[in-house]
Structures are given as C-alpha cells and as structure tokens.
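Protein chains in written order, with numbering that gives the first Met the number 0: chain A, 0 to 310; chain B, 0 to 310; chain C, 0 to 281; chain D, 0 to 281. What follows is one structure encoded as structure tokens, with my remarks underneath.
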Amino acid sequence: MADLSTKIGALTLKNPIMPASGTFSEELAEVFDLECLGAHVTKTITRGKRAGNPVPRVCEINGAMLNSIGIPSKGARAFIDNVVPFYASYDVPLVISISANTADEFARFAEEVSVRGVAAIEINISCPNIEDDGKAFAMRPGATGDVIRKMRSATPLPLWAKLSPNTGEVVEVAQAAEAAGADALVTANTMLAMAIDSRTGRVRLGNIMGGLSGPALKPITLRMTYQCARAVSIPVIGCGGIATIDDVLEYLIAGARAVQVGTATFISPTTMPRLIRDLDKALEERGLSSVDALIGTVAVTGEALTLAEYA
Amino acid sequence: MADLSTKIGALTLKNPIMPASGTFSEELAEVFDLECLGAHVTKTITRGKRAGNPVPRVCEINGAMLNSIGIPSKGARAFIDNVVPFYASYDVPLVISISANTADEFARFAEEVSVRGVAAIEINISCPNIEDDGKAFAMRPGATGDVIRKMRSATPLPLWAKLSPNTGEVVEVAQAAEAAGADALVTANTMLAMAIDSRTGRVRLGNIMGGLSGPALKPITLRMTYQCARAVSIPVIGCGGIATIDDVLEYLIAGARAVQVGTATFISPTTMPRLIRDLDKALEERGLSSVDALIGTVAVTGEALTLAEYA
Amino acid sequence: MSASLCVVPDSAPLGASPHASIHEVECRIKSHEWVNGQYRLLVLAAPPSVLDCEPGQFFHLLCPQTDRFQPYLRRPMSIYSYDRSKSELSFLYKVAGAGTGAMAELRPGEFLNVVGPLGQGFEMRPEWRRPLLLARGVGLATLAPLARECARLGKRPVAICSARSPELLMSTDLFRSFGAEVITVTDTEGNSGIESLTPLVEGLVRSRGIDAFFTCGSSRLVRMLQEIGARHGIGGQVALEQHMACGIGMCQACVRPFQRDGGAVNLRVCREGPVFGLQEVL
Amino acid sequence: MSASLCVVPDSAPLGASPHASIHEVECRIKSHEWVNGQYRLLVLAAPPSVLDCEPGQFFHLLCPQTDRFQPYLRRPMSIYSYDRSKSELSFLYKVAGAGTGAMAELRPGEFLNVVGPLGQGFEMRPEWRRPLLLARGVGLATLAPLARECARLGKRPVAICSARSPELLMSTDLFRSFGAEVITVTDTEGNSGIESLTPLVEGLVRSRGIDAFFTCGSSRLVRMLQEIGARHGIGGQVALEQHMACGIGMCQACVRPFQRDGGAVNLRVCREGPVFGLQEVL
Ligand SMILES: Cc1cc2nc3c(=O)[nH]c(=O)nc-3n(C[C@H](O)[C@H](O)[C@H](O)COP(=O)(O)OP(=O)(O)OC[C@H]3O[C@@H](n4cnc5c(N)ncnc54)[C@H](O)[C@@H]3O)c2cc1C
Ligand SMILES: Cc1cc2nc3c(=O)[nH]c(=O)nc-3n(C[C@H](O)[C@H](O)[C@H](O)COP(=O)(O)OP(=O)(O)OC[C@H]3O[C@@H](n4cnc5c(N)ncnc54)[C@H](O)[C@@H]3O)c2cc1C
Ligand SMILES: Cc1cc2nc3c(=O)[nH]c(=O)nc-3n(C[C@H](O)[C@H](O)[C@H](O)COP(=O)(O)O)c2cc1C
Ligand SMILES: Cc1cc2nc3c(=O)[nH]c(=O)nc-3n(C[C@H](O)[C@H](O)[C@H](O)COP(=O)(O)O)c2cc1C
Ligand code: FES
Ligand code: FES
Chain A
0 MADLSTKIGA LTLKNPIMPA SGTFSEELAE VFDLECLGAH VTKTITRGKR AGNPVPRVCE
60 INGAMLNSIG IPSKGARAFI DNVVPFYASY DVPLVISISA NTADEFARFA EEVSVRGVAA
120 IEINISCPNI EDDGKAFAMR PGATGDVIRK MRSATPLPLW AKLSPNTGEV VEVAQAAEAA
180 GADALVTANT MLAMAIDSRT GRVRLGNIMG GLSGPALKPI TLRMTYQCAR AVSIPVIGCG
240 GIATIDDVLE YLIAGARAVQ VGTATFISPT TMPRLIRDLD KALEERGLSS VDALIGTVAV
300 TGEALTLAEY A
Chain B
0 MADLSTKIGA LTLKNPIMPA SGTFSEELAE VFDLECLGAH VTKTITRGKR AGNPVPRVCE
60 INGAMLNSIG IPSKGARAFI DNVVPFYASY DVPLVISISA NTADEFARFA EEVSVRGVAA
120 IEINISCPNI EDDGKAFAMR PGATGDVIRK MRSATPLPLW AKLSPNTGEV VEVAQAAEAA
180 GADALVTANT MLAMAIDSRT GRVRLGNIMG GLSGPALKPI TLRMTYQCAR AVSIPVIGCG
240 GIATIDDVLE YLIAGARAVQ VGTATFISPT TMPRLIRDLD KALEERGLSS VDALIGTVAV
300 TGEALTLAEY A
Chain C
0 MSASLCVVPD SAPLGASPHA SIHEVECRIK SHEWVNGQYR LLVLAAPPSV LDCEPGQFFH
60 LLCPQTDRFQ PYLRRPMSIY SYDRSKSELS FLYKVAGAGT GAMAELRPGE FLNVVGPLGQ
120 GFEMRPEWRR PLLLARGVGL ATLAPLAREC ARLGKRPVAI CSARSPELLM STDLFRSFGA
180 EVITVTDTEG NSGIESLTPL VEGLVRSRGI DAFFTCGSSR LVRMLQEIGA RHGIGGQVAL
240 EQHMACGIGM CQACVRPFQR DGGAVNLRVC REGPVFGLQE VL
Chain D
0 MSASLCVVPD SAPLGASPHA SIHEVECRIK SHEWVNGQYR LLVLAAPPSV LDCEPGQFFH
60 LLCPQTDRFQ PYLRRPMSIY SYDRSKSELS FLYKVAGAGT GAMAELRPGE FLNVVGPLGQ
120 GFEMRPEWRR PLLLARGVGL ATLAPLAREC ARLGKRPVAI CSARSPELLM STDLFRSFGA
180 EVITVTDTEG NSGIESLTPL VEGLVRSRGI DAFFTCGSSR LVRMLQEIGA RHGIGGQVAL
240 EQHMACGIGM CQACVRPFQR DGGAVNLRVC REGPVFGLQE VL
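Quick look at the structure:
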C-alpha cells in the first residue's frame, strides 16, 4: 500500500481526498464512514443567519450543473454548538469555510470560529465585497490580500484561500494571498454562468445566474491549479469537476497537493472512498510509493511560451 | 416563413446565423452553399506571417474541446489577394477578424484591410497586449477602449469587439468598447483551460494551455451575453457552445441579436444551415413573425439581486 | 494507515460503513413495461440493504447516458413498491425529459444505480382509522405503498384516483387489492377539478368518516385539502417535490418554506421530507 | 428571402448545394464484425454521393454516445473499401480509446453519421509499374483500396504486411485477391524490424523491379523508405495521421511540416493530405 498522506502546511492529511465546501454535510455519514477522508470541509457559513437564494437553486446543463444556493446559514453560534461537535468524533482535520462582506468582518468572524475542533479555516472570498462595488474579493489581488492579512492577525489557525475562476488575474490573486499569509490555496470555486429554458423563455435559476460546477469546469480549474502551483510556494488544493481517479491524478500531476470533490458526490455519494481506493491502485500501477512522488510531475512538450497564444 | 433578418448596426443580415472566427473557411463551400449564412467571418489574421502553435493543437475533453491553434497567418497581403475575392461571389457580408500586439498596430492593420468586399472588422482582442504585461486587451476596460478608439479613427468599417470570458470585468470591458466606438460586441472567445493525460503525465496540447470551446462553454458565454446585452446599447452577438436550435434561442432570448457557431461545425459541418431551417420552424411554433420578436425576451423569476450571490 | 478504513475490495459495496443507512447500489432490471402511453413500471432486483424502507420514501436514480439523452444529475423517484421476500424494488414513472427519457431506454438485464432509501416516509398514526388517499398522475406511485401499508395495519382507505382521461388511470386494481375503496375522476369526464373534488371530499368526510388526508404533488390539491381539513379539524400528510441535486441533505437545493414553530422556515424536501404535515405546507 | 436558399426540407440532405463534394450523411450499418481481437470491420450502406472517392481518402465519423464512452470530436478513418454497385462503404479499425470504443458498440441496423470523402487520395502514376505497399496495423486499411486500384490498372504490387504476431495479420487474402504478391513479417518472428525490412525491401527493388513505395503511419517505416528511395531514385507516397478537429481544412489543427518549394511549410493533413509525397515528409 502506497503512502497516501500529504501535507498541507502544518496539517498532515491521511490522504489527499476531501470534500468541497457546500457539497458535504453530516448526512453523508449515513452513506460511508467519514473517517476515511483526508479532511472534512463544511459548507460556508456567515456570522449571522441567512436564508439563501430563491428556488430553483440548481439545474443541470450539458454534463454539469449550475447552482445558486447562496449561503443559507444558521449563524456562527449554531454552527459551533451543533456542527463542530459532530465532527469531533473523527480523527480527521475539520476545515470550516467562512464568508463575510468586509475584510474586518472576515477577521472578527475568523476569531470567533477559532475554537477547539477546528483545524483550519477556508476563506470563501468568492462572495461580494461590499466595500468594492460588490465585486468578489477573489477578483482582485488587493482585496484578497487585505482580507487575508486581517484574518492572519486574528487567528492562529491555518488559512486556506479559495480562489475564483471568474477573475482575470488568478496568478496575481494567488500571489497576493500567499504574501498576505495564506497557508494554502484552493483552486477553485464555481464559474459564474447562466441557463435559460428555451421553451418557456425563463431563466432556469431563481437567482438568474449561478455557479458552474462538475466536469465542464475541470479544464478551467485544472489550468488554474497548474498556474498557481507554479506561481506560489504554499500548497495548492485542486478543485473542480473531479469525479474519476484520472481527474485526481491530473490535478496531482499539475501540482496540487490534495483535491476537493464537489458535485461528483451528488452524482455518486460514494465517490470519495472510491477515489481513495483507486488512488492507491493507481500509484501502485505506476510503481510509485507515495502521493508525493506524483505531485507536480507534469511533463510539458516543446518550449513553454511566455505569452500564451491560445485563440 | 418568419422574417429571419437582423440588424447589427448598419449591417442587415439575412438571418442571425454566422460562423465563429477560426472555425470556418472557404472549404466549407464544399459542404453547403455558403450563400445561406447571415455573415461570413474569417479566421483571425495578423499583418505579418506566423506559424501558429506546436502540435497537438486540439484535444477533446468531457464533451468539449481545447485548442491552441494560435494564429497561423499568411499575412495581410495574401489574405486580401486570395481570400477576400473568394467571398465576393456571395451576397453575404464578409467580416474579417484581425489581431495585433499593440493598439497602434491594430489601427494600422484595420486601415490596411479596409478594402472593397469587407463589410466589417471583428477585433480579436483576446491576443496578448505586449504593452500591458502580455495580458490580453480584452482583460481590461482601459486596454480595450484604447485599441478600439484608435481603430475607430483608422477605418470607416463597422467594428465588432470580440470579448474574452477570461476577464473578471466583462461588463466594464463591454462598456469601454461601446464608449470607444465599437459597433457590436461578440460574446465570446474561448476560455483559458488545460488538459493533462493522466496516463502519460504529459500536457495534452503542444502549447500547454488552450481555449475551451463547445457545449461546456455555453453557460459561461450565455451569461456574458446576458450581462452585456443589459449593459450596452450596441448589438451583442452571442457565441459559445452553440450546436442546437435551443442554444440559438437561448442566446436570442438572453439578448443576442445574432449568434456565431464555432466548434459545432466541426462536429457536424451542416450545423449552420440546419440551425437556419430550425430557427424558422421554432419561430413559427411560437407564433412569432420575426427574430426581433424573440430577442431579449428573457423572463426572470423573483427579484433580480443586485449583488449576485452564487456560491 | 487509517486510509485503509475505506479502501474496500472491489467486490464490496464501496466505502460501506457499519452505520450506513443510505446505500448506493447497482440493481439489475427484472422488468420494465409501459403501463400506458406515458408511464413505465420499472422493477429492480434489489439487495436487502435498500429494502428497509417506508412508503413515501424515495430513491435517487442515476439515469444512463444514451445517444439521445445525457442527463447529469440523479432523478428522485418515489418507491412504488418494495418487497423484501422477493428482493424487489419498483418505480412507476412518467417519461418527461432527459432523465426519464434515458431511463425509458433501459432493458431488462441491464443495471441501474440507485441511492436510497431517502427521506422521511408517511407516518400512519394509530388514531387515523379512515384515511383518504388523493392521487393524481405520478402521485399514484407515491401513495400506492401507503395503501399497502394501510392494508397491513387493517385500515381501509378511500382512494381518489385522478387522471387526464380514463385510459390514463393506473393502479386502481392495485389500490382495490389493498382493500381501498376506489373512486376515479378524470378531466375528460369533467369531475377532477377543485369545484367537483371539494364536494366529493366533503361528502366522503361525512359519509365515510374520513379522518386523515394523504396526497402529493399538486399545490391545488394540497390547498384544497388544507381548507377542508381546517374546516373539519382533519390532519394528514403531503409528499412534495422539489428540484434536487444531492438527495441526501448536503446541498440545500431542495428547500421549500414551511410553517413550523410559529414561523416560516426553509426545510429540505429530500431530508425533512418529502412527506410533510398537511397544514405546515406554505 | 435568400435565407430560403438553404432552408431545405427535412427529408433532403441538409444544406445541399449543387457544388457539394463533401457530404454529411447517416449510413445504416450493414455488418460489423471482429476481424481479430483488436480490429473491427464496419460495413455501411452508403449513398452514391459519398462513394465518389479514391484510395487514400478518409471519412470523419461521428462516434455514438454510450454509457461508457462520450467521445466529442469526430474520428478520421481511411476508406477500407467502397463499392458503388453495392452502395457499400467500409472501414477497418482498431479499438483504441473513447471514440473507437463507442463505435465498437454499434449494431447492424443502427446508423452512423459520416462526413466525406475527405482529403487527397493516392495518385498511382502511369509510369509506376511495380509498386511496393508496406503496411502495418491500421495501415492495411488505408492501403487495401490502393491494392484494388492497382488491380484495376493492371499493376501487380508487392505487399509487405506487418503485424505484432501472425494471428494479428489481416487482409492478406484480400491483397492476394487483388493480384498482389504478399510477404508477411511479424514481431514474434523477429523479421518486422527496420534491420530486417531494409534488406528485404532492397532485395525486392532488385528482384522485382519495385519502382514506387507506398506506406502509411509509422515514421520509422517512412524514414526507412525515404532512405532506400533516395539511394535508388524511387519515389512514392505516404498517408499520414494527425489529430484532427474539423477534418475539412478549417481549423488548422492537423498541420505537419513538409519540405516544399525548397522550404519547410506547415500543411494540413486533412486537406493537402493525408497522402503526401514520400520525400516531402519531414
Ligand atoms: C421525492 C420525489 C419523488 C418523485 N417520485 C416520482 C415518481 O414516483 N414518479 C415520477 O414519474 N416522478 C416522480 N418525481 C418527479 C421526477 O423526479 C421528475 O419527473 C424527473 O426528475 C424528471 O426528470 P426528467 O429529466 O425526465 O425531466 P426534465 O424536466 O428534463 O428534468 C430537468 C431537471 O429538473 C428536475 N425535475 C423536473 N421535474 C421535477 C419534479 N417534478 N420534481 C423534482 N425535480 C424535477 C429533474 O430532476 C432534472 O434535474 C418525484 C420527484 C420527487 C422530488
Ligand atoms: C487520415 C486518417 C486515417 C485513419 N485511418 C484509420 C483506419 O483506417 N483505421 C484505424 O483504426 N485508425 C485510423 N486512423 C487513426 C484513428 O483516427 C484513431 O485511431 C482514432 O481517432 C482513435 O480514436 P479513439 O477515440 O479510439 O482514441 P483516443 O486515443 O481516445 O483519441 C483521443 C483523440 O486523439 C485522436 N487520435 C488518437 N489517435 C489518433 C491517430 N492515430 N490519428 C489521428 N487522431 C488520433 C482522436 O481522434 C481523438 O480526438 C486514421 C487517422 C487519420 C488521421
Ligand atoms: C451546490 C453547491 C454549493 C456550493 N457551496 C459552496 C460554498 O458554500 N462555499 C464554497 O466555497 N464553495 C461552494 N461550492 C463550490 C464547490 O465547493 C466547488 O468549489 C465547486 O463546486 C467546484 O468543484 P466540483 O466541480 O467538484 O463541484 C458549492 C458548489 C455546489 C455545487
Ligand atoms: C479551432 C479554433 C480556432 C479558433 N480561432 C479563433 C480565431 O482565430 N479568432 C477568434 O477570435 N476566435 C477563434 N476561436 C474561437 C471561436 O471563434 C469561438 O469564439 C469559440 O470557439 C466559442 O464558440 P464555440 O463554442 O461555438 O466554438 C477559435 C476556436 C476554435 C475551436
Ligand atoms: S437535494 Fe441536496 S439537500 Fe436536498
Ligand atoms: S482537421 Fe481542421 S484543418 Fe485539418
């Protein structure tokens, strides 16, 4: 059996497979033993209570899905009292995802949730920054740096910055996150998209636009993972469209030290344990004794062009 | 028979179906009569000769494709001498797509190709701007505005600005293009993406990264079309993942005045004539007498949220 | 290494945990017939693990990829019948869009991946002696196992089966075989509208002593039963539908607002439902 | 309105133009057999429009979507045989990845969408009297119709058929039936390497008066024939492969560098090829 463990900064994960925020909850324990996962990552919460977006909140589209769940939240208190203790029974690092509307709120909130049982904080900076035109923090290096810098001084916990594919400045945002003290990056959140029902002429999500996830997102987020892994020296966690062991291998080869599985769990709730098993097999087939041996091994043909010409 | 004609600024197209740049050439005349199309749009050319990118230049991925063709070009002279005359035999507006590395070069080039037989110029601003870190012009409103302003004074021909999904500022870029004098927008070009072969550990394109096109792109470019149609008053031409009549209808409903068909022509070279026929049928089924009656009719449920919360 | 905890052999159900109550299993198709021009009955050979279920619960089905249809998300379907002794699980469904269109192409002998059982089923309270089952369309599929449960509990329900036209009425014999008194109404006969149903149900309350209402789907019918129920102090339950992604409770796609504890709350149809109290539905 | 120019009736081939030479048509599958453990022979009922083709040309096939495979792009396949009198078109292919894997699931009676004929075929010049056909693997598919063309033109080629092992040799009888002298070489017998083939071909040049070389695919074999050809002043042609998107000449995906007019130029394998002059291949 290969060594599946991987290090994300100070945290050692028993394997590189973990859920993506918003696609995982306590209920999954009724399907398989959550002890097997590399980490537990919870749905983004906000400090106060929120209802989330109008229905329909999901629709499917060309082998992928859109969601506009929003961030329904029972608030920080309910989360700390009810959810954190649930995960305490597992020997698996608990990563909680939080969101806020200003850098200061993010910092205060990070402090509040830095409680026993929480191993790291994932920062969902894809939410609108009300101090910056409502553009998400993750769109701009400046806003991203700000929020992480403030959180850095508010909590001793590792901070994972979850980037957005909607920005044109992924590399700059990644570098700003690193410079501000992020311990890891997650690449990435969903991509802003839309669907219309041509029969009725209506938008297919209650919130008009929503986030694209699933296999259609993979080529985009795999590219971001590759770009970020080359641009920063903190660990990068790949996320986007992972469903098969090949997807996992591609992210690891591109430079990810771990991966998050989102929508695939909706399609097959046993996806994550299957990927852990398949990863072990795949390493063995390749004669590799550890996950580490695969990470960042991508081979590029020809000379890398400085100015990518792709269109 | 419904009135399929649509106006793109001063140009009247007999129908809203035209090819996307780089997915169309004279050879398609061997498959069907190109006279039926709303416009002819040629592959982007540069002023000088260029070889394009290393092979493999395409790969398929989850019901979509990546390409890193680059812009192989025989140069302006060869294009004007050989290609423009070919299209002169059709009573269809010829739109030529051009690219350059600085705003001034774009302007000079626009002047040079403003010859008899050319009805409009499509500006491929997804190419790197060597005066701006190599970021594509289409990434930033400032660079986009610049290039279009300079071209505007260099040619009397209508200018179509082809936007990129890689920017986080689509709306701002669209508005900058309009303010600088663009006559129409095309939404959009391909999205930067990547593919790795998990078996060999090699990147699957010679150029490492490439552009995502095909059905997987549609939810993203449809969203851009909707955003742009609301944000500007010049016509928007939808492009991205169109393969079926439903796709065409969705773009029109979202606000596009015409659409471009790209990758679908590779999957079925008769896609465009089929879409023209199906559009006529679809309008009739809906009791509409013209394409105009469908454009921009999207119905949104609930209240539009100012700050989109989608993740 | 603790990762071995769920590195399960190929043959074992994946990531099986001793406390698992929801299972993802591949079931062989035993039969798959058209019931009428729109509905199909799909009978699966199912392992005991997933047959520990209740009327009103549902499964989440992974529809196949076909040349015509490439559905992506799973499709929720109520349990039409389950039989531990025969290891059978069946669904009655209407062919609607891509998912059910793809399902309709499945042939006996092929396999279907199902996740379940999911959600909260009906609760037939001991004090309810004369339940009314009001079902239209796919609602029949949901209420059929409840009729069987009534038979098991020795209650004799009245079942109103509604359809567009008499040919589209289904399962009336099945309901009768469970001892239900069956009343059929159809659009073509003009007796399936709220105007006709309201007096019919009011009449049944008086003549048959109906003391609980069960229905599903249609908000018109729910509204009608809520009103009649409020007038007569009759409770009951409703199985609801909502667009779903996970089906398990993780994604919060399937919420609807309900009246609970004096306020409106969003509850997940897949988890707190699909069966809810008649009067809490908003 | 001129749009009506290509608003064609449902039944007509789409957007047909009087000058069309490339057609997209749905062909019924007449038969589909395994030739050996790796290769399948697919025979289609094809309309005359697409049967106006030449050896060396190819079609672009739209592989079906199946539960296991969802190929997206078309797959290029050489014409293995075409027969106007029987309205037949056939392909011999190796099951490799998603596309051919999906194709392999097609059953007789089902339909396959093909685009073609595409590209430039072989040119058998009148002065070439004794051609050598060197084929390995799928190359046999490409060279088979050329052997037939030789028979039609009254030339008697020598065909070297190469394979991994004797069981994987294919179409040798077919080549013989076209009057070819067939020599087989295999890896297991150890006579298929360049070291063995070079003297074999040199010998054939001397003994049989070979005056033209035809081959496909393998760059090792091309290189060998280029060298032998250069030594003896023998020309010939090569059918090449390259990853394709459109297959028609629009996308420039399929370029390779060639020696032409004294310089290296990128040419499209789908359009200027797939058949090129032996000595221009770089
Ligand atoms: C708990 C539950 C039990 C159900 N039981 C049955 C049953 O026993 N028999 C039956 O015929 N139908 C039942 N339905 C409805 C069934 O799920 C839909 O008809 C089916 O999902 C339609 O899928 P489609 O791809 O054919 O249609 P499409 O309209 O193409 O579906 C598009 C998307 O919308 C979703 N969707 C469409 N209609 C519904 C709906 N009514 N409810 C939820 N999601 C929907 C689909 O799941 C899919 O994601 C049930 C629904 C729920 C929520
Ligand atoms: C002009 C031409 C004629 C051909 N004739 C034949 C033939 O008669 N019989 C036969 O068995 N094969 C032939 N091939 C090769 C055949 O096209 C590939 O084997 C096939 O595309 C593999 O597809 P796949 O999905 O099974 O494999 P995958 O490896 O999964 O394919 C992935 C992608 O790579 C492309 N690809 C993979 N291998 C090749 C290749 N060798 N050439 C071009 N593209 C490739 C595929 O088209 C697809 O887009 C020919 C290729 C060309 C260019
Ligand atoms: C239904 C749904 C809800 C999500 N909610 C959140 C969230 O609350 N916070 C967050 O950071 N990402 C959220 N995401 C994004 C996922 O964590 C993940 O980044 C994205 O879905 C891409 O991965 P995938 O393709 O594997 O799903 C959500 C995604 C989905 C599909
Ligand atoms: C092979 C290929 C080459 C392309 N070349 C160009 C180009 O030269 N200039 C350009 O503006 N867009 C180019 N594009 C982008 C298309 O015009 C179009 O914007 C994109 O493919 C999205 O549309 P689709 O999904 O319908 O293909 C190219 C796309 C493909 C697939
Ligand atoms: S469908 Fe995911 S919570 Fe109900
Ligand atoms: S495959 Fe498109 S040009 Fe050859």
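Glycine residues also receive a C-beta, built at the ideal position from the N, C-alpha and C atoms. From a predicted model like this one, the values you see are computed outputs, not experimental measurements.
1) If I follow the unbroken alpha helix (DSSP H) through B:T243, where does it start and stop?
2) Can you give the Cα-Cα distance for D:F90 and D:P63, rounded to whole angstroms?
3) In the DSSP assignment, the beta strand (DSSP E) including A:D80 goes from what residue to what residue?
4) Could you tell me if B:A75 is buried or exposed, where buried requires 16 or more neighbouring beta carbons within 10 angstroms of its beta carbon?
5) Is C:F63 close to chain D? Criterion is C-beta to C-beta, closer than 7 Å.
6) Could you tell me whether the Cβ atoms of C:L105 and C:F213 are closer together than 7 Å?
7) For the segment 56-81 of chain D, which residues have a CB atom closer than 8 Å to at least one CB atom of chain C, in sequence order?
8) Identify the contact partners of B:L221 in chain A, using a Cβ-Cβ distance below 8 Å as the criterion.
9) Starting from B:C58, follow the beta strand (DSSP E) in both directions and report where the run begins and ends.
10) Using the C-alpha atoms, what's the distance from C:P156 back to C:C149?
11) Can you tell me whether DSSP reads D:F57 as helix, strand or coil?
12) To the nearest angstrom, how far is it from the Cα of A:T296 to the Cα of A:Q226?
13) Strictly under 7 Å for the Cβ-Cβ distance: is D:G303 near chain B by that measure?
14) Taking the beta carbon of D:W33 as the centre, do at least 16 other beta carbons fall within 10 Å, making it buried, or is it exposed?
15) Residues in the segment 43-68 of chain B with C-beta within 8 Å of chain D's C-beta atoms, listed in sequence order?
16) Between A:M208 and chain B, is there a C-beta pair that is closer than 7 Å?
17) Report the three-state DSSP secondary structure of A:L12 (helix, strand or coil).
18) Got a sec, what are the start and stop residues for the alpha helix (DSSP H) B:A176 sits in?
19) Taking B:Q226 as part of the beta strand (DSSP E), name the residues at either end of that continuous run.
20) Just how far apart, CA to CA, sit D:V114 and D:E23?
21) If we count the other Cβ atoms within 10 Å of its Cβ and call it buried at 16 or more, is D:L281 buried or exposed?
22) Buried or exposed: where does D:L41 fall if 16 or more other Cβ atoms within 10 Å of its Cβ makes it buried?
23) Between D:M243 and ligand 6, is there a pair consisting of the residue's CB and a ligand heavy atom that are separated by less than 6 Å?
24) Closest by CA to A:I207, which one among A:L27, A:L191 and A:G240?
25) Label B:N52 either buried or exposed according to how many other C-beta atoms from any shown protein chain fall within 10 Å of its C-beta, with 16 as the threshold for buried.
26) Can you name the residues that DSSP bridges to D:T183?
27) Answer yes or no: do D:G55 and D:R74 have a C-beta to C-beta separation smaller than 7 Å?
28) With respect to 6 Å, is the separation between the Cβ of A:M312 and the closest non-hydrogen atom of ligand 1 below this value?
29) What's the C-alpha gap between D:A146 and D:A158?
30) Please classify D:M243 as buried or exposed, where buried requires at least 16 neighbouring CB atoms within 10 angstroms.
31) Going straight from the alpha carbon of C:S1 to that of C:G136, what length do you get?
32) Say the cut is 6 Å; is the CB of B:S113 nearer than that to a heavy atom of ligand 1?
33) Given A:S88, which residues of its chain have a CB within under 6 Å of its CB, disregarding the five upstream and five downstream residues?
34) What does the alpha-carbon distance come out to for the pair A:R49 and A:G69?
35) Determine the chain B residues that contact D:E296 at a beta-carbon separation under 8 Å, and present them in chain order.
If we stick to the structure as given:
1) As a working mapping, residue 243 of chain B is identified with position 244 in the second sequence. That residue, B:T243, is in no alpha helix (DSSP H); it is neither H nor E in DSSP.
2) As a first step, residue 90 of chain D is located in the fourth sequence; it is residue number 91 there, counting from the start. As a first step, residue 63 of chain D is located in the fourth sequence; it is residue number 64 there, counting from the start. Taking the straight line joining both Cα atoms gives about 16 Å.
3) As a working mapping, residue 80 of chain A is identified with position 81 in the first sequence. No beta strand (DSSP E) contains A:D80, which DSSP labels as neither H nor E.
4) What you label residue 75 of chain B is simply residue 76 of the second sequence in a count that begins at 1. Flag for B:A75 reads buried.
5) Here residue 63 of chain C corresponds to residue number 64 of the third sequence, with the count starting at 1. Note that residue 63 of chain C is Pro in the sequence shown here, rather than Phe. C:P63 counts as touching chain D.
6) As a position in the third sequence, residue 105 of chain C is number 106, starting the count at 1. As a position in the third sequence, residue 213 of chain C is number 214, starting the count at 1. No.
7) P63, Q64, T65, D66 and Q69
8) The residue given as residue 221 of chain B occupies position 222 in the second sequence. Those are A192, M193, A194 and I195, listed as they occur along chain A.
9) As a working note, residue 58 of chain B is residue 59 in the second sequence. Residues V57 to E59.
10) Residue numbering aside, residue 149 of chain C sits at position 150 when the third sequence is read from its first letter. Residue numbering aside, residue 156 of chain C sits at position 157 when the third sequence is read from its first letter. Going by the C-alpha atoms only, they are around 7 Å apart.
11) As a position in the fourth sequence, residue 57 of chain D is number 58, starting the count at 1. Residue state, collapsed to three classes: strand.
12) Position 297 of the first sequence, counted from the first residue, corresponds to residue 296 of chain A. Position 227 of the first sequence, counted from the first residue, corresponds to residue 226 of chain A. Computed Cα separation, rounded: 14 Å.
13) Since the first and last residues shown for chain D are 0 and 281, residue 303 of chain D lies out of range.
14) As a working mapping, residue 33 of chain D is identified with position 34 in the fourth sequence. The residue is exposed, with fewer than 16 neighbouring Cβ atoms inside 10 Å.
15) A50, G51, V54, P55, R56, V57, C58, E59, I60, N61, G62, A63, M64, N66 and I68
16) Position 209 of the first sequence, counting from 1, holds the residue named residue 208 of chain A. Interface residue, yes.
17) The residue you call residue 12 of chain A lines up with position 13 of the first sequence. Here A:L12 sits in strand by DSSP.
18) Numbered from 1 along the second sequence, position 177 holds the residue referred to as residue 176 of chain B. From DSSP, the alpha helix (DSSP H) with B:A176 extends over V169 to A179.
19) In the second sequence, the residue the question calls residue 226 of chain B occupies position 227. Per DSSP, B:Q226 belongs to no beta strand (DSSP E); it is in the alpha helix (DSSP H), K217 to A230.
20) Along the fourth sequence, one-based indexing puts residue 114 of chain D at 115. Along the fourth sequence, one-based indexing puts residue 23 of chain D at 24. Between D:V114 and D:E23, the C-alpha separation is close to 4 Å.
21) Reading the fourth sequence from its first residue, position 282 is the one you call residue 281 of chain D. Per the 10 Å Cβ criterion, exposed.
22) Your numbering for residue 41 of chain D matches position 42 in the fourth sequence. Counting Cβ neighbours within 10 Å, D:L41 comes out buried, since at least 16 surround it.
23) Taking the fourth sequence and counting its residues from 1, the one referred to as residue 243 of chain D is at position 244. The answer is yes for D:M243.
24) On the first sequence, position 208 is the one that residue 207 of chain A refers to. Selected option, being the one with the closest Cα: A:L191.
25) Along the second sequence, read from residue 1 onward, the residue named residue 52 of chain B stands at position 53. Counting Cβ neighbours within 10 Å, B:N52 comes out buried, since at least 16 surround it.
26) Taking the fourth sequence and counting its residues from 1, the one referred to as residue 183 of chain D is at position 184. DSSP, once it has assigned bridges, lists D:C160 as partnering D:T183.
27) Walking along the fourth sequence from the start, residue 55 of chain D turns up at place 56. Walking along the fourth sequence from the start, residue 74 of chain D turns up at place 75. No, the pair does not count as a contact, with Cβ atoms beyond the cut-off.
28) The first residue shown for chain A is 0 and the last is 310, placing residue 312 of chain A beyond what the model contains.
29) On the fourth sequence, position 147 is the one that residue 146 of chain D refers to. On the fourth sequence, position 159 is the one that residue 158 of chain D refers to. The alpha-carbon atoms of D:A146 and D:A158 are separated by roughly 8 Å.
30) Within the fourth sequence, residue 243 of chain D is the residue found at index 244, counting from 1. So D:M243 counts as buried.
31) For the purposes of this step, residue 1 of chain C is taken as residue 2 along the third sequence, with counting starting at 1. For the purposes of this step, residue 136 of chain C is taken as residue 137 along the third sequence, with counting starting at 1. For C:S1, the predicted model reports a pLDDT of 35, less than 50, meaning its position is unreliable; a value from the coordinates is still stated below. In a straight line, the C-alpha of C:S1 is about 49 Å away from that of C:G136.
32) The residue given as residue 113 of chain B occupies position 114 in the second sequence. B:S113: no, Cβ never under 6 Å from ligand 1.
33) For the purposes of this step, residue 88 of chain A is taken as residue 89 along the first sequence, with counting starting at 1. If we look at A:S88 and ignore the five residues flanking it on each side, it has no Cβ neighbours.
34) For this step, residue 49 of chain A is matched to residue 50 along the first sequence. For this step, residue 69 of chain A is matched to residue 70 along the first sequence. Cα to Cα, the separation comes out at about 9 Å.
35) Past the edges of chain D, shown from 0 to 281, lies residue 296 of chain D, and the structure says nothing about it.
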